[in-house]
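Asks: The following block contains the structure, expressed as structure tokens.
Protein chains in written order, with my numbering: chain A, 36 to 366; chain B, 36 to 366.
Have a look at this one:
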């Protein structure tokens, strides 16, 4: 099993990628390897700082370009065939690696993944699936920002993609699917969610538990929370920032009263780095998207996420459930 | 100046309404009165518990019905002409009171307000304006849930309504208007926000500062945050619940280590009860909507919000800016 890791994506590349990758290699079995993609000289310099790195399981593939945060995603992917994102995904397309991980521009990773890997049959719109920590178990939010102006049928596909992922990767059988909405009753919502509610209720293969309001999310009332990528993205980014804000506020206001270690412990389980990356579900491959601000720990955890998707044969499962053959049976 | 207060709206009605109302009467001047609307006998029982209440500034208007939380809003308003919400708004329509406050069903208060008060000229869709506390000054979120499937031109109206309110009620000149979106660049977003961005940029009467991402909100980067009511409602409800959750979590995890008073102090300024009610902007009257779970303090603060809107002659200001005569000049 081999994973391509874009070494140029984080704010502190390639140091963070190399450190996270080496940590993953040391904890994973001998048949697991990493292909670092990016500026080979810089990657080697950083690798040299980790003498304990198992070099026989490491490959470095040079990519002379990098796509920068400000660039228009689709244009950058076309214009920069030698960027680490495009080169890494080409390796995955050719199945020389089993997954691709990047903390680079989300838009560029999505665009390049769609272009290189294509969609799985039966999937209209791949979607980003992200963990949201709750007071109970974490839930999976899908879509966290890959799509806007989704149609009701797309939300149903997100529900299926999310259910498969939660079932396989998180080993939760018969996952509860909730629809993010502004009221509990079926008739509440905008045009899209009212119709999506109807379709989800009719989908006998899904364990649909109804609408979930903003105030309910933190209780963890479902395993898969379905949303259009607009509201999903606002929610995700707000949640991350407000968690960090309250963590900082508590630290500042209680400074000196409680040891920092204890204060940090309060927010255990609410740190996004703990959960690693977010899979782009619905493409014919395994793409994991990480934060630009990821620390090495998040990269290591993203590798774990990728490994799980490979080992549980996620792509085959999605094809069986969503592919054209399944379509008539399922709806 | 007199305000009608729906006495049947909170989860602990009419105790909460009576306590909050009496508190407001005691701190406001002698020319200020409250009309409690609801079950007169129960209101009187609760008033009797406050011997210090200035009875000459209190009126009780009986309304034998109440609209219940589960009821379909529009139907309930039609079916229950003797409900506290409909009776209270009739008083305001006849200008026997200067404002109406309710912690009852938001949908019913909106529907009844539209029906009784009508929209101001030039306003297509009234919107709910709510305070969001931030690390800096609080900002005004509009729309927090009155409308779904808003058109770009509606978002521009929300921007104007919110700007007027922040200028007058919060005394912030030239308020900065942000558009809730999923990226900073003008071309980011869904169909509606891309076009709304263009319109807001072209509106020379507004101080438009651009798109605001979910992660930026907590910094307080604008005074007025414009959004469709779907995402606005999800955001507001999530924010309220996550604040309460972290407050509880900190209390639980640091129990015994820090006095509760100090822990509570960390979340000072993030308690919604501090801010009272949310005005429904754009109707020809002053309707303030409160949480069902409001404590007396929130009711007292909602009365303060109503009083401010009356004293600053908000309705006249909105008419001057948004009315048909203004329309050609402003756009």
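Glycine is no exception: its CB is placed at the ideal position from the N, C-alpha and C atoms.
1. Per DSSP, which residues does residue 44 of chain B bridge with? Please list them.
2. Rounded to the nearest angstrom, what separates residue 227 of chain A and residue 264 of chain A at their Cα positions?
3. Is there a Cβ of chain A sitting closer than 8 Å to that of residue 313 of chain B, yes or no?
4. Helix, strand or coil, according to DSSP, for residue 211 of chain A in the structure here?
5. Among residues of its own chain, excluding the 5 on either side of residue 330 of chain A, which ones have a beta-carbon nearer than 6 Å to its beta-carbon?
6. Could you name the residues that DSSP lists as bridge partners for residue 247 of chain A?
7. Taking the Cβ atom as the reference point for each residue, do residue 191 of chain A and residue 162 of chain A lie within a distance shorter than 8 Å?
8. When you check each C-beta in the segment 172-205 of chain A against every C-beta of chain B, which residues fall closer than 7 Å?
9. Got a sec, what are the start and stop residues for the alpha helix (DSSP H) residue 354 of chain A sits in?
10. Smallest Cα separation from residue 319 of chain B: which of B:95, B:159 and B:253?
11. With a cut-off of 8 Å, does the C-beta of residue 214 of chain A fall near any C-beta of chain B?
12. Determine the extent of the beta strand (DSSP E) in which residue 123 of chain B is found, giving its start and end residues.
13. Is it a yes or a no for the segment 60-76 of chain A touching the segment 351-358 of chain A, going by three-plus beta-carbon pairs under 8 Å?
14. Based on Cα-Cα distance, which residue from A:322, A:297, A:357 and A:337 lies nearest to residue 130 of chain A?
15. Pick helix, strand or coil for residue 113 of chain B, following the three-state DSSP scheme.
16. Count the CB pairs spanning the segment 76-92 of chain B and the segment 52-62 of chain B that are closer than 8 Å, and state whether there are at least three.
17. So, is the C-beta of residue 276 of chain A closer than 8 Å to a C-beta in chain B?
18. Going straight from the alpha carbon of residue 95 of chain B to that of residue 106 of chain B, what length do you get?
19. Of the residues A:315, A:137, A:229 and A:339, which one's Cα is nearest the Cα of residue 164 of chain A?
20. Considering only the alpha carbon of each residue, which of B:326, B:256 and B:60 lies closest to residue 371 of chain B?
21. The beta strand (DSSP E) that contains residue 260 of chain A, what's its start and end?
22. Between residue 211 of chain A and residue 178 of chain A, is the Cβ-Cβ spacing less than 8 Å?
23. Taking only three categories from DSSP, how would you classify residue 312 of chain B?
24. If you count every other CB in all the chains shown that lies within 10 Å of the CB of residue 64 of chain B, and 16 or more means buried, which is it?
25. Just to confirm, are residue 39 of chain A and residue 127 of chain A a CB contact at a threshold of 8 Å?
26. Does residue 147 of chain A pass the burial test, meaning 16 or more other C-beta atoms within 10 Å, or should it be called exposed?
27. Run through chain D and tell me which residues come within less than 8 Å of residue 108 of chain B, C-beta to C-beta.
28. Kindly list the residues whose CB is nearer than 7 Å to the CB of residue 198 of chain B, restricted to its own chain and excluding five residues on each side of it in sequence; keep chain order.
29. Between the segment 130-146 of chain A and the segment 289-307 of chain A, do at least 3 Cβ pairs fall closer than 8 Å?
30. Within the 8 Å Cβ cut-off, does residue 273 of chain B reach chain A?
31. Within the 8 Å Cβ cut-off, does residue 299 of chain B reach chain A?
32. What distance in whole Å lies between the Cβ atoms of residue 268 of chain A and residue 248 of chain A, which are believed to be in contact at a cut-off of 8 Å?
33. With a 10 Å radius around its C-beta and 16 neighbouring C-beta atoms as the bar for buried, classify residue 222 of chain B as buried or exposed.
34. Rounded to the nearest angstrom, what separates residue 328 of chain A and residue 220 of chain B at their Cα positions?
35. Within this structure, are the beta carbons of residue 324 of chain A and residue 141 of chain A separated by less than 8 Å?
36. So, with DSSP's three-state summary, where would you put residue 138 of chain B?
Replies: Put simply:
1. The residue given as residue 44 of chain B occupies position 9 in the second chain. Residue pairing of residue 44 of chain B in beta bridges, as defined by DSSP: absent, with no partner found.
2. Translated into positions along the first chain, residue 227 of chain A becomes position 192. Translated into positions along the first chain, residue 264 of chain A becomes position 229. The alpha-carbon atoms of residue 227 of chain A and residue 264 of chain A are separated by roughly 13 Å.
3. As a position in the second chain, residue 313 of chain B is number 278, starting the count at 1. No, its Cβ sits nowhere closer than 8 Å to a Cβ of chain A.
4. Residue numbering aside, residue 211 of chain A sits at position 176 when the first chain is read from its first letter. Judged by DSSP in its simplified three-state form, residue 211 of chain A adopts strand.
5. The residue given as residue 330 of chain A occupies position 295 in the first chain. If the five residues before and after residue 330 of chain A are omitted, its C-beta is found closer than 6 Å to the C-beta atoms of 308, all from its own chain and listed in chain order.
6. One-based indexing of the first chain puts residue 247 of chain A at position 212. By DSSP's assignment, residue 247 of chain A forms a beta bridge with A:215.
7. Start at 1 with the first residue of the first chain, and residue 191 of chain A comes out as number 156. Start at 1 with the first residue of the first chain, and residue 162 of chain A comes out as number 127. Their beta carbons are not under 8 Å apart, which means residue 191 of chain A does not touch residue 162 of chain A by this criterion.
8. Per Cβ criterion, the list reads 180, 183 and 184.
9. For the purposes of this step, residue 354 of chain A is identified with residue 319 of the first chain, where counting begins at 1. From DSSP, the alpha helix (DSSP H) with residue 354 of chain A extends over 349-357.
10. Along the second chain, one-based indexing puts residue 319 of chain B at 284. Taking only the C-alpha atoms, the option nearest residue 319 of chain B is B:159.
11. Counting from 1 along the first chain, the entry for residue 214 of chain A is found at position 179. Not closer than 8 Å to any Cβ of chain B, the Cβ of residue 214 of chain A fails to qualify, so no.
12. On the second chain, residue 123 of chain B is found 88 positions in, with the first residue counted as 1. Taken as a continuous stretch (DSSP letters only), residue 123 of chain B belongs to no beta strand (DSSP E), being part of the alpha helix (DSSP H) at 119-128.
13. Taking 8 Å as the limit for Cβ pairs, the verdict is that the segment 351-358 of chain A does not touch the segment 60-76 of chain A.
14. If you number the first chain from 1, residue 130 of chain A lands on position 95. When only C-alpha atoms are compared, the closest one is A:322.
15. The residue given as residue 113 of chain B occupies position 78 in the second chain. Of the three classes helix, strand and coil, the one that applies to residue 113 of chain B here is helix, per DSSP.
16. Inter-segment contact for the segment 76-92 of chain B and the segment 52-62 of chain B is present: three or more beta-carbon pairs are separated by less than 8 Å.
17. If you number the first chain from 1, residue 276 of chain A lands on position 241. Yes, because at least one Cβ of chain B sits closer than 8 Å to the Cβ of residue 276 of chain A.
18. Numbered from 1 along the second chain, position 60 holds the residue referred to as residue 95 of chain B. Numbered from 1 along the second chain, position 71 holds the residue referred to as residue 106 of chain B. For residue 95 of chain B and residue 106 of chain B, the distance between alpha carbons rounds to 25 Å.
19. Working through the first chain from its first residue, we reach residue 164 of chain A at position 129. Ranked by Cα distance from residue 164 of chain A, the options A:315, A:137, A:229 and A:339 are led by A:315.
20. With chain B running from 36 to 366 in the structure shown, residue 371 of chain B is simply not present.
21. As a working mapping, residue 260 of chain A is identified with position 225 in the first chain. Counting along the chain, the beta strand (DSSP E) containing residue 260 of chain A begins and ends at 259-261.
22. Taking the first residue of the first chain as 1, we reach residue 211 of chain A at position 176. Taking the first residue of the first chain as 1, we reach residue 178 of chain A at position 143. No, the Cβ-Cβ distance between residue 211 of chain A and residue 178 of chain A is not below 8 Å.
23. Numbered from 1 along the second chain, position 277 holds the residue referred to as residue 312 of chain B. DSSP, reduced to helix, strand and coil, places residue 312 of chain B outside both helices and strands of the structure shown, so it counts as coil.
24. Residue numbering aside, residue 64 of chain B sits at position 29 when the second chain is read from its first letter. It counts as exposed.
25. As a working mapping, residue 39 of chain A is identified with position 4 in the first chain. As a working mapping, residue 127 of chain A is identified with position 92 in the first chain. Annotated as proximal: residue 39 of chain A and residue 127 of chain A, with beta-carbon spacing under 8 Å.
26. Here residue 147 of chain A refers to the residue found at position 112 of the first chain. Flag for residue 147 of chain A reads buried.
27. Protein chains in the displayed structure are A and B, and chain D is not among them.
28. What you label residue 198 of chain B is simply residue 163 of the second chain in a count that begins at 1. 210, 212, 241 and 259.
29. No: the two stretches stay apart, fewer than three of their Cβ pairs being nearer than 8 Å.
30. As a position in the second chain, residue 273 of chain B is number 238, starting the count at 1. Nearest CB-CB separation between residue 273 of chain B and chain A: below the 8 Å threshold.
31. Sequence index remark: in the second chain, residue 299 of chain B carries index 264 (1-based). Chain A contact via Cβ: absent.
32. In the first chain, residue 248 of chain A corresponds to position 213, counting from 1. In the first chain, residue 268 of chain A corresponds to position 233, counting from 1. Contact between residue 248 of chain A and residue 268 of chain A does not hold, since their C-beta atoms are separated by about 18 Å, which reaches or exceeds 8 Å.
33. Here residue 222 of chain B refers to the residue found at position 187 of the second chain. Classification for residue 222 of chain B: exposed.
34. Working through the first chain from its first residue, we reach residue 328 of chain A at position 293. Working through the second chain from its first residue, we reach residue 220 of chain B at position 185. For residue 328 of chain A and residue 220 of chain B, the distance between alpha carbons rounds to 20 Å.
35. Counting from 1 along the first chain, the entry for residue 324 of chain A is found at position 289. Counting from 1 along the first chain, the entry for residue 141 of chain A is found at position 106. Closer than 8 Å, so yes.
36. By 1-based counting over the second chain, the position of residue 138 of chain B is 103. Reduced to three states, the DSSP call for residue 138 of chain B is coil.
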